Amino acid sequence: MKRTGGLRLPRRISERVDSIKPSGIRKFFDLVMGRPDVISLGVGEPDFPVPWRIRDEMIYSLEKGITSYTSNHGLPELREEIARYYKKFGVRYVDPNNIIITTGVSEGIDLALRALINPGDAVLIPEPAYVSYKPLTILAGGEAVTIPTTPDFKPSYELLARFAKRCDPKAIVINYPNNPTGVSYSKKELEEIADLAIEFDLVIISDEIYAELTYSGKHVSIASLNGMEERTVILNGFSKAFAMTGLRVGYAIAPPDIAEAMLKIHQYCMLCAPITSQIGALEALRGCEEELDNIRAEYMRRRNFFVKRLSNIFEIRKPDGAFYAFPKIEGYGLSSEEFTERLLMDKGVAVVPGNAFGDCGEGYIRCAYAVTMEKLKEAVDRIEDFVKNL
């Protein structure tokens, strides 16, 4: 039988998907793959190995042949441990039944947005922000309302309210310590966001993946504030603090109705997080406090060195946590993308243009100091030399 008619390729892809730009972070990750001469400060991945205790538990579980599915919720003992663990961040009581073990925080963000958003619902996203918040809002059918926070990178009540009055939002996404700026929020600043959430009846999606990497004082979860537990979805995981990036295990803590909706999506799109990774995560919470303290101390040492050196070249804010610096590179006659591309080609140092994290990030670059001190010193020397020659 003869078939006629050609493919209509432009119409095969969803318009919603087609409208989304590829990740600006992954673009630079792909550029440096296989180039040993390049020092990459581009991808936010710890350079530490997974603590041995965690690896040992996972290896032992594999030797015993534990490779099955878990429940959709995740291992009961891991959820119980997370419920206890989050008391350190001020959340007094967490029901393990309202915890879902996810394949990294990225899945948790997707689940939360899809569980909450009806077509056209607005979501407030203070920027600069992690690259997935806006695209995942769009994929869920929502309207991403981005809010520029430069130059202090903090969303005040007045700023948020001004945008909220325009769009009747359903939710707000916050992330602290922040990727890409390293900025965190005081309890007073969190109270302002909480006041806004109550006034406009918002759900708060709180990405706290860098909570353990808070350098001064203790991380305070916004869910611990009065009236916030019932309207906050907490997202956290093991990729950053415990260097378990490739093991893909995170968790969501949500109010019962939202947790139930998120679990329904999780059942169909992911089923469960890998059991081996969940076993490792359980050991991370039970036995790796000393390793975590050492990792945090080393990041602080790198931050202090890196920011001190960069402050001689750029205007830069000292990060409160995570492992990112976000220097301002305006004044050199180059856009953020031109600066990063030339720095990579001329000096072999990979960073990410600030506009990958929102339009207000133009004029900045993100540098991840999750590399050895030796590489960090060499990278700063190269950046300094690059700027001198501009």
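Numbered by our numbering, the letters in the sequence shown go through residues -7 to 382 in order.
Even for Gly, the Cβ is constructed at its ideal location relative to N, Cα and C.
Just so we're clear, the structure is a prediction, and the values are computed from it rather than from any experiment.
| query | result |
| --- | --- |
| Run through DSSP, which three-state label would PRO88 get? | helix |
| Does the distance from the CB of ILE214 to the CB of LEU182 come in under 8 Å? | yes |
| Residues in its own chain within less than 6 Å of CYS352 by CB, not counting five upstream and five downstream? | GLU119, PRO140, THR142 |
| Does DSSP put LEU205 in a helix, a strand or coil? | helix |
| Can you tell which of VAL9, GLY34, GLU7, ARG8 has the C-alpha that lies nearest to the C-alpha of ALA371? | GLY34 |
| Using 8 Å for Cβ pairs, my map puts SER53 next to THR364. What's the rounded Cβ distance? | About 31 Å; that fails the 8 Å criterion. |
| On the premise that ILE5 lies in contact with PRO127, defined as a C-beta separation below 8 Å, what is that separation, rounded to the nearest angstrom? | Actually they are not in contact, since the Cβ atoms of PRO127 and ILE5 sit about 15 Å apart, beyond 8 Å. |
| Following the continuous beta strand (DSSP E) through PRO352, name the residue where it begins and the one where it ends. | Sequence check: residue 352 is Cys here, not Pro. Note, CYS352: premise wrong, no beta strand (DSSP E); not H, not E. |
| Does DSSP put SER32 in a helix, in a strand, or in coil? | strand |
| Going by DSSP, what residues sit across from CYS384 in a beta bridge? | A question about residue 384 goes unanswered here, because the residues of the chain that appear run from -7 up to 382. |
| Where THR62 and ASP29 are concerned, what is the direct C-alpha to C-alpha distance, given to the nearest angstrom? | 43 Å |
| Quick one: Cα of ASP383 to Cα of ALA189, how far? | Outside the shown range of the chain (-7 to 382) lies residue 383, about which nothing can therefore be said. |
| Considering only the alpha carbon of each residue, which of LYS179, ASN90, ALA251 lies closest to ARG106? | ALA251 |
| Am I right that VAL175 and PHE145 are in contact with their C-beta atoms under 8 Å? What's the rounded C-beta distance? | 4 Å |
| Report buried or exposed for PRO169, applying the criterion of at least 16 other Cβ atoms within 10 angstroms of its Cβ. | buried |
| What are the complete beta strand (DSSP E) segments, minimum 3 residues, inside the segment 168 to 229? | 195 to 199, 224 to 229 |
| Taking the alpha carbon of SER198 as the point to measure from, which residue in CYS261, ASP160, ASN171 has its own alpha carbon closest? | ASN171 |
| How long is the line joining the alpha carbons of TYR207 and ILE287, rounded to whole angstroms? | 11 Å |
| Three Cβ pairs or more, each shorter than 8 Å: is that satisfied between the segment 80 to 89 and the segment 274 to 284? | no |
| Hey, how far is the Cα of HIS211 from the Cα of ILE74? | 16 Å |
| If you draw a straight line from the C-alpha of VAL241 to the C-alpha of GLY96, how long is it? | 4 Å |
| Which one of TYR291, LEU131, GLU135, ARG76 has the shortest CA to CA distance from ALA314? | TYR291 |
| Tell me THR138's beta-bridge partners as DSSP assigns them. | ILE117 |
| Helix, strand or coil for GLU307, going by three-state DSSP, please let me know. | strand |
| Going by alpha carbons, who is nearest to ASP249 out of ALA163, LEU108, PRO266? | LEU108 |
| Whole angstroms are fine: how far does the CA of MET50 sit from the CA of ILE117? | 37 Å |
| State the Cα-Cα distance for the pair ARG84 and ILE91, rounded to the nearest angstrom. | 15 Å |
| Starting from TYR243 and walking both ways along the beta strand (DSSP E), at which residues does that stretch end? | 242 to 245 |
| Inspect the beta-carbon positions of ILE93 and LEU131 and report whether they are closer than 8 Å. | no |
| Short check: CB of PRO14 to CB of PHE234, under 8 Å? | no |
| On the CB-based measure, 16 or more other CB atoms within 10 Å of its CB, does VAL165 come out buried or exposed? | buried |
| Closer than 6 Å by C-beta to TYR125: which residues in its own chain qualify, once you throw out the five before and the five after it? Chain order, please. | ILE117, VAL165 |
| Express the C-alpha separation of GLU55 and ALA348 in angstroms, rounding to a whole number. | 43 Å |
| Which term fits ILE201, buried or exposed, when burial requires 16 or more other beta carbons within 10 angstroms of its beta carbon? | buried |
| Rounding to the nearest angstrom, what Cα-Cα distance links CYS264 and LEU382 in this structure? | 51 Å |
| Please check the pair GLU275 and ILE46, which I expect to be a contact at CB under 8 Å, by giving their CB distance rounded to whole angstroms. | 5 Å |
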